[in-house]
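Sequence lines, in order, name chains A and B.
FYI, in this note's numbering the residues of the first sequence are -13 to 416.
FYI, in this note's numbering the residues of the second sequence are 95 to 404.
Each residue gets a CB set at the ideal place from its N, CA and C atoms; glycine is no exception.
Remarks on the structure that follows.
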Amino acid sequence: MKKRLVSVLLAVGLTAGLAAGCGAKDKESKSEEDGVTTVTWMTSRPVDGEIDQVMHEIADQYSEEKGGKWKIEFETTADRPSYLQKLKTLIAGKNMPDIIDIDADPYCQELVDAGMLVDVKKFLEENDKYDDFYPIALKYQEFTDGTMYTLPLEYHVEMTWYNKEIFDKYELTPPATMDEWLNVCKTLKDNGVTPISVDGVDRWPVQRYLAMLPFRESGNDFIINLRDGKAKMDSDTGREAAEFMAEIGQYFNDGFAATDYATAQSMFLDGKSAMYYIGDWEIAAMQEAYEQGKIDYFYLPATDGGKTKANEFCVNSGIGMAFNAETFDEKTKDFVLYVIENYGKLYAAKQQMSPIRTELSDEVEYSDLYLKIQDDMQKTGENFLKPWDTYLDSNTNTVMQDNLLLLASGDLTVDEFCRLVDNSIAENAN
Amino acid sequence: MGVIKSKKAFLAFLLPGLLFYILAVFYPIEESIRLSFMKWGGIGDKEFVGFQNYITMFHDKVFYTAFINNLIYLVIVVSMQLAVGLFFAILLTYMTRHVTLVKTLYYVPCIITTVAITQLFRSIYSTEPMGLLNQFLQAAGLDGMVTSWLAEVSTALAAVSIPEGWRFTGMYMVIFYAALVSLDPSVYEAAKVDGASELQILFKIKMPLIKEIILLTLTMCLTGALRGFDIPFLLTSGGPGNASELMSTYMYKKAFSSNQYGYGSALAVFIIVESILAVYLIRKVFTTKEEREIREMERMQRRQRRREGR
């Protein structure tokens, strides 16, 4: 008797649990209560950073124009891995927010294939907004097949910053070729100076170094072929990249694998390392030392006979904004167009590089550094290094990033690294 | 048992707890098991693949690394928490003043949030700026040992295990202390009169008397360590390479970073089985032959009574 009761209870409990699990299914996240439309933007931008500020400003303005009948809710998770985990969990639970932030990576492609995202290229062309953007800013958001489902809100170049005082002391000049770069590092290390400080905790900064030589050699072809299973890491290009990684890795600061973003940057700014690779988004941090003439920057050095030129390097428009196809109605469209119209000017006024062409504001006094980088950006070539993590499937990316740290610290051989990456691609490439 | 005679009342009291348990524990486990037979990337339909995820798991080199790492982690954490906790508790029984103060101070790490503990240890281990541990080594003239403890392949695993062990040492100390002071003093005072040394009293009388508590804490501690996740994940997220990868961090990465929910669930199921197995083994080891005989007798007596009652 007792046993039967318990089993009945178990069954009831289980069904209740199942029902609870199913209940949340297919809920539309956009809500309209008392005539007020609320749109949710799940975002991964630094809290109170320039984008955050500008978007809040625009949203407030827009809401006011609509007489408070329209509202946007920001759900910010700046830390990228946690953001992605939350986003993926929400989507797996069929609760995709109205607007999300996402890179044009394989996961995004899956969303597109499932018909969950709005075709942003089509949207921009239909509304005559496509040419308002810098071409590279949009091109960066494209998938390999030329389609585009994400809208850029930023525009960046990445460069290596160097300490002029240290360079002068050892009579070094900014390297023009990759070999010169390695020589500069060697001289510094021989003199007891830490050549490069690197944020290994976040891993992507290390991955950039791996991408450098293949980009010089073949643009983004190598990584695209690698992803598609048409090229191997264990090929001439791949091995060169890995060997370069192992070589330049010995010039990274001690314990770079456990060094975080802020520490790596402050090491450089405190003069404890001679070089540091980061994009123009850190312009505010670099400003003071640059004005004092203590630091300067150089772009990715060239190679002999490479396919890409010296004015071609890592240019990107950051993580994009994507729209839930199910909830993208006239009201949301209107808001997005409003953003595109107003964003450029407001964003540039914060001394940031805007992906939307805009006049520089007269009311803001732009720094020399800003104007110099802005000028550089007008002169970049048509090729640009697209980060490898936006190409690779997330599993291979994890394998590559995990083992990259070992490769760079000399704890893993080039052979073994190539084998691990190739195996992972063979297993996970569709 | 004799208090509530009515079986219905018995169930009514049990129901809320049982329902909560089913929803919060049983249902997720059941879902994990179901998912572990599927291939699913989070979007679209789940595809039934039978035992494929388990086959992949047993061919996965990282899985074995994580398993071995987990055992090492377990040894470090359990020995720190239990051995050190017990040692402190014994010392504490000899203290006559400020016992509460010491107990409170040692208990503090348990109530600090994990993230704060992680930051604390990140600073202790770091080389840039020179952390506490490395400063200490330098001061002791051991400059050669100064290293970035979390970035070094050979030290990363121990470095992520120690904070977890350190954190709960105080808690186990308090539990052991409570057990030790609750013993009837007349038992070991009698032994003392008979000429037993302090050590003999400790190992021959006190320890056997608190065996149940040791079993309980060992179970808590072991299953806790088998599920260990937060501190290692926050400190190194399994790195460098897979040098400090644990079962749980690997499971998390597979499910939530690589979107392999099916494979992640297979790993989760393995962790559950492993934990149940560990608890079963401890119980087995701790149950002596005599106890088994006593239990067997009790069971037979109960059966007898029930038969007579009918």
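Interface flag, residue i vs chain A, CB-CB below 8 Å
i, result
"residue 210 of chain B", "no"
"residue 335 of chain B", "yes"
"residue 247 of chain B", "yes"
"residue 242 of chain B", "yes"
"residue 207 of chain B", "no"
"residue 351 of chain B", "yes"
"residue 221 of chain B", "yes"
C-alpha distance - residue i paired with residue j, whole-angstrom precision
i, j, result
"residue 15 of chain A", "residue 110 of chain A", "Per-residue confidence for residue 15 of chain A stands at a pLDDT of 48, beneath the threshold of 50, marking its modelled position as unreliable; the derived number appears in the next sentence. So the alpha carbons of these two residues sit roughly 24 Å apart."
"residue 396 of chain A", "residue 240 of chain A", "12 Å"
"residue 261 of chain B", "residue 242 of chain B", "21 Å"
"residue 195 of chain A", "residue 231 of chain A", "6 Å"
"residue 60 of chain B", "residue 101 of chain B", "Absent from the model: residue 60 of chain B. The displayed extent of chain B is 95 to 404, so no value can be given."
"residue 245 of chain B", "residue 161 of chain B", "20 Å"
"residue 238 of chain A", "residue 205 of chain B", "37 Å"
"residue 408 of chain B", "residue 268 of chain A", "Since the first residue of chain B shown is 95 and the last is 404, residue 408 of chain B is not available in this structure."
"residue 277 of chain A", "residue 356 of chain A", "11 Å"
"residue 199 of chain A", "residue 250 of chain A", "23 Å"
"residue 185 of chain B", "residue 257 of chain B", "22 Å"
"residue 282 of chain B", "residue 300 of chain B", "8 Å"
"residue 75 of chain A", "residue 351 of chain B", "11 Å"
"residue 108 of chain B", "residue 394 of chain B", "27 Å"
"residue 186 of chain A", "residue 143 of chain B", "37 Å"
"residue 203 of chain A", "residue 284 of chain A", "19 Å"
Proximal residues of chain B, C-beta to C-beta of residue i below 7 Å
i, result
"residue 423 of chain A", "With chain A represented from -13 up to 416, any question about residue 423 of chain A goes unanswered, as that position is not in the structure."
"residue 263 of chain A", "The premise fails here: residue 263 of chain A is roughly 17 Å from chain B at the closest Cβ pair, so nothing lies under 7 Å."
"residue 141 of chain A", "Correct list: empty, because the minimum Cβ distance to chain B is about 28 Å."
"residue 239 of chain A", "222"
"residue 245 of chain A", "222"
"residue 93 of chain A", "353"
CB contact below 8 Å: residue i versus chain B
i, result
"residue 249 of chain A", "yes"
"residue 30 of chain A", "no"
"residue 231 of chain A", "no"
"residue 242 of chain A", "yes"
"residue 253 of chain A", "yes"
"residue 74 of chain A", "yes"
"residue 236 of chain A", "no"
"residue 195 of chain A", "no"
"residue 71 of chain A", "yes"
"residue 392 of chain A", "yes"
"residue 177 of chain A", "no"
"residue 376 of chain A", "no"
"residue 398 of chain A", "yes"
"residue 285 of chain A", "no"
Cβ shell of residue i (< 6 Å), same chain only, five flanking positions each side left out
i, result
"residue 349 of chain B", "355 and 358"
"residue 336 of chain B", "156 and 159"
Partners in chain A for residue i, counting only beta-carbon separations shorter than 8 Å
i, result
"residue 332 of chain B", "388"
"residue 354 of chain B", "381"
"residue 347 of chain B", "384"
Same chain only: Cβ atoms within 7 Å of residue i, ignoring 5 sequence neighbours per side
i, result
"residue 269 of chain B", "307 and 311"
"residue 167 of chain A", "161 and 287"
"residue 342 of chain B", "321, 322, 323 and 365"
"residue 236 of chain A", "396"
"residue 239 of chain B", "231"
"residue 402 of chain B", "none"
"residue 234 of chain A", "168, 171 and 195"
Neighbouring residues, chain B, relative to residue i (Cβ below 9 Å)
i, result
"residue 100 of chain A", "137 and 138"
"residue 135 of chain A", "Result: empty, since nearest Cβ-Cβ is about 14 Å, beyond 9 Å."
Proximal chain B residues relative to residue i, where beta-carbon distance stays under 8 Å
i, result
"residue 395 of chain A", "245, 247 and 334"
"residue 97 of chain A", "137"
"residue 460 of chain A", "The requested residue 460 of chain A does not occur in the structure, where chain A is confined to residues -13 to 416."
Cβ neighbours of residue i in the same chain (closer than 8 Å, five flanking residues each side left out)
i, result
"residue 150 of chain A", "279, 280, 281 and 282"
"residue 323 of chain A", "113 and 115"
"residue 408 of chain A", "218, 219 and 220"
Q: Could you say if the segment 323 to 341 of chain B and the segment 287 to 302 of chain B meet the contact criterion of at least three C-beta pairs nearer than 8 Å?
A: no
Pairing CB atoms from the segment 114 to 126 of chain A with CB atoms from the segment 238 to 254 of chain A, are three or more of them under 8 Å?
no
**Asked** Is the segment 150 to 169 of chain A close to the segment 376 to 384 of chain A, with three or more CB pairs under 8 Å?
**Response** no
message = Under 8 Å: do the segment 170 to 179 of chain A and the segment 325 to 337 of chain A share three or more Cβ pairs, one atom per stretch?
response = no
Does the count of Cβ pairs from the segment 62 to 82 of chain A and the segment 21 to 30 of chain A closer than 8 Å reach three? yes
Next item on the list: Kindly confirm or deny that the segment 139 to 156 of chain A and the segment 304 to 321 of chain A touch, where touching means at least three C-beta pairs closer than 8 Å.
Entry: yes
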